[in-house]
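Counting in our numbering, the sequence shown runs from 346 upward without gaps. In this text, a Cβ means the ideal position worked out from N, Cα and C, and glycines have one as well. On a predicted model such as this, the values are computed, not experimentally measured, just so you know.
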Amino acid sequence: MRATAVRRTALAASAAALALLATACGGTSDADKKDDKDAAGGSSSAPKAPAEALTAAELERATLAQGDVKGRKVTQAGPADEVPADGVTVDKEACLPVAHAMYGVAQKGSVATTKRKVIDEPKAGNKKSLEDLADGEAEDAFKEAFDLTSTFVALNSYEGAAGPDAFAALKKAAADCAGGFTATVAGTPTKVASIAEEKVTGGDEAAAWTVTSEDDGDKAPFKLVALRKEGAVATFFSFNLAAAGGDVKFEVPVEVVAAQDKKLA
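Right under this line is the structure:
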C-alpha cells in the first residue's frame, strides 16, 4: 500500500468518526459473554409491532460486551465519539438519516442510547522484522497489519412507532441518496460518492449498504448496517484500512450483527 494512500485513508476514517477504531487497542471492556452466531445474506423478515421501549438499564444489558463476538475486542465508546444531532449537516436534506447513522446519532423518539467499538483482534503474524522479509513478504505483512475491520455500533431504544419509523427513514434515505451527498461534522466535510445495497438478515428487519467515500479522487468503502428488534434499532458503521487502500475486500460484519441480534432476542 502506498504511503499516500495510507495518509488519505486515515483522513477518510477520521472524517467518518472511525480514526480511533483503526487500531486494535483502547477503551474499557464490558462484562464477558461468549455467545456468537453467523448471519447470512437474504431479505429481512416483516416488521412487527414495537413493544414498550427498553429502559436505559435494559438497553445496557442488551448491548454488546467483551466476549460476545469471537475474535473481536468490544469497548465502550468515549466522549470523543459523541456527535450531537445538530452537529451533522448535509447538502441534501433527504440524506440526513444516513449521515446520522454513520455517526451513531439517534433519531427523534429515542429514550436511551449505548455505543460500542468492535475491533478485529490482530492475527498472529510473521515474527520477522521488515528488514528481514523479502519484497513480496513485506508487502503481504504490511497488508495483513492493516486488514482489521473496526465497527462503531450505536444501539437506540425508541418509544412507540419511533423505532420502525427511524428504520424506514434510513432505508428511504439510502435509496434516495444512492448517487451520493456530502456530510459535514465539526467543519470537516465528508463526500459520499455512492451508496449500494448489501444483504443481511436479523431482528424484525435488517438492511445493509456499502457507503463509498471519496477524498481527492481516492475512494474508500465503508459498511453500514441497520438492525431493528421491536423498538430497538442498532446501527453498525464499519471500516477496514486495507480495503480503503484497495488491497483487500471486506464484507458486512455479519458476526457482529448476529451477536447484537442475539442479545436483543
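Quiz item: Is it right to say residue 466 is buried, meaning 16 or more other beta carbons lie within 10 angstroms of its own, or is it exposed?
Solution: Under this definition residue 466 is an exposed residue.
Quiz item: Got a sec, what are the start and stop residues for the alpha helix (DSSP H) residue 425 sits in?
Solution: Unbroken run through residue 425: none, as it is neither H nor E.
Quiz prompt | Sequence-distant residues of the same chain with beta carbon closer than 6 Å to residue 536, five excluded per side | solution = Once the five neighbours on either side are set aside, the close Cβ partners of residue 536 are 527, 559.
Quiz item: Since residue 516 is in the alpha helix (DSSP H), which residue starts that stretch and which ends it?
Solution: Here the alpha helix (DSSP H) through residue 516 covers 507-521.
Quiz item: Per DSSP, residue 559 is paired with what?
Solution: Answer by DSSP bridge pairing, in chain order: 536, 564.
Quiz item: From residue 584 to residue 564, what does the alpha carbon distance come to, in whole angstroms?
Solution: Going from the Cα of residue 584 to the Cα of residue 564 covers about 12 Å.
Quiz item: Since residue 434 sits in a beta bridge, which residues does DSSP pair it with?
Solution: Per DSSP, 529.
Self-check item: Secondary structure of residue 552, DSSP reduced to three states
Solution: In the three-state DSSP reduction, residue 552 falls in the strand class (E or B).
Exercise. Would you mind sorting residue 546 into buried or exposed? The rule is 16 or more other CB atoms within 10 Å of its CB.
Key: That one is buried.
Self-check item: Start and end residues, alpha helix (DSSP H) containing residue 453
Solution: Taken as a continuous stretch (DSSP letters only), residue 453 belongs to no alpha helix (DSSP H), as it is neither H nor E.
Quiz item: Does the beta-carbon distance from residue 548 to residue 500 come in below 8 Å?
Solution: Going by beta carbons, residue 548 and residue 500 fall outside the 8 Å limit.
Quiz item: Since residue 589 is in the beta strand (DSSP E), which residue starts that stretch and which ends it?
Solution: Under the DSSP assignment, residue 589 falls outside any beta strand (DSSP E), being part of the alpha helix (DSSP H) whose first and last residues are 586-589.
Quiz item: From this set, 552, 544, 505, 403, which residue's C-alpha is nearest residue 443's C-alpha?
Solution: Among 552, 544, 505, 403, the Cα nearest to that of residue 443 is on 552.
Self-check item: Residue from 456, 428, 591, 530 whose Cα sits closest to the Cα of residue 450
Solution: Checked all of 456, 428, 591, 530; the closest Cα to residue 450 is 428.
Quiz item: With distances taken from CA atoms, which of 569, 596, 460, 446 is nearest residue 314?
Solution: Residue 314 is absent from the model: the chain starts at 346 and stops at 610.
Quiz item: Smallest Cα separation from residue 596: which of 492, 446, 402?
Solution: Of all alpha-carbon atoms in 492, 446, 402, the one lying nearest the alpha-carbon of residue 596 is that of 492.
Practice problem: Answer with yes or no whether the minimum CB distance from residue 407 to chain D is below 8 Å. | Solution: Of the protein chains in the structure, only one exists, and it is not chain D.
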